[in-house]
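S.K.: Residue 74 in full-length UniProt numbering sits at position 74 of the sequence shown; the count goes up by one each step and never skips.
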Amino acid sequence: MLMTRPTIMMAGQDGDDGDAGVKVETRVKTKRPPLYKVLILNDDYTPMEFVVHVLERFFGLSHAQAFEIMLTVHKKGVAVVGVFSYEIAETKVAQVMEFAQRHQHPLQCTMEKE
């Protein structure tokens, strides 16, 4: 997003031929990228210990944090694991899904815009 602020220049100020003019200063204001929530969904088949392991391995959570999120998923059906930029969220979802499939668990992990 570009923001401009006009500055009035008086004759002779900038060494020109005496004509007054408007000098425009442009400042670039950087917009923060949107963030995405990574969600783990409950199912009736994936063992709770596997979910805890996934949370520790791919999200760097302590055992206590991972256990707490796993219980939330178990009780409520879904839980937010973390909030990341698009690329990081997409990578984490892909890693979790691939790991779960490799271990023959139907664990689902998704992302949605915050």
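Glycine included, C-beta positions come from ideal geometry on N, C-alpha and C.
1) Under 8 Å, with one C-beta from each stretch per pair, do the region 68-86 and the region 19-29 reach the 3-pair mark?
2) Tell me where the beta strand (DSSP E) around residue 120 begins and ends.
3) Give the straight-line distance between the Cα atoms of residue 113 and residue 54, rounded to the nearest whole angstrom.
4) When DSSP labels each residue in this structure, what does residue 108 get in the three-state scheme?
5) Have a look at residue 40 and residue 29 and give me their C-alpha separation to the nearest angstrom.
6) With DSSP as the reference, label residue 26 as helix, strand or coil.
7) Can you grab the Cα-Cα spacing for the pair residue 31 / residue 91, in whole Å?
8) Pair every Cβ in the region 43-51 with every Cβ in the region 94-112, then say whether three or more of these pairs are closer than 8 Å.
9) My understanding is that residue 66 touches residue 56, with C-beta atoms under 8 Å, so please give their C-beta distance in whole angstroms.
M.R.: Taking the definition as stated:
1) Fewer than three Cβ pairs drawn from the region 68-86 and the region 19-29 lie within less than 8 Å of each other, which leaves the two stretches out of contact.
2) Any question about residue 120 goes unanswered here, given that the chain covers just 1 to 114.
3) Walking along the sequence shown from the start, residue 113 turns up at place 113. Walking along the sequence shown from the start, residue 54 turns up at place 54. One C-alpha to the other measures close to 22 Å.
4) Indexing the sequence shown from 1 puts residue 108 at position 108. DSSP places residue 108 in the strand class (E or B) of the three-state scheme.
5) Working through the sequence shown from its first residue, we reach residue 40 at position 40. Working through the sequence shown from its first residue, we reach residue 29 at position 29. Answer to the nearest angstrom: the Cα atoms are 35 Å apart.
6) As a working note, residue 26 is residue 26 in the sequence shown. Three-state result, residue 26: strand.
7) Within the sequence shown, the letter at position 31 stands for residue 31. Within the sequence shown, the letter at position 91 stands for residue 91. A straight-line Cα-Cα distance of about 23 Å links residue 31 and residue 91.
8) Note that the region 43-51 touches the region 94-112; at least 3 beta-carbon pairs, one per stretch, sit closer than 8 Å.
9) Within the sequence shown, residue 66 is the residue found at index 66, counting from 1. Within the sequence shown, residue 56 is the residue found at index 56, counting from 1. At roughly 5 Å, the Cβ-Cβ gap stays under 8 Å, so residue 66 and residue 56 are in contact.
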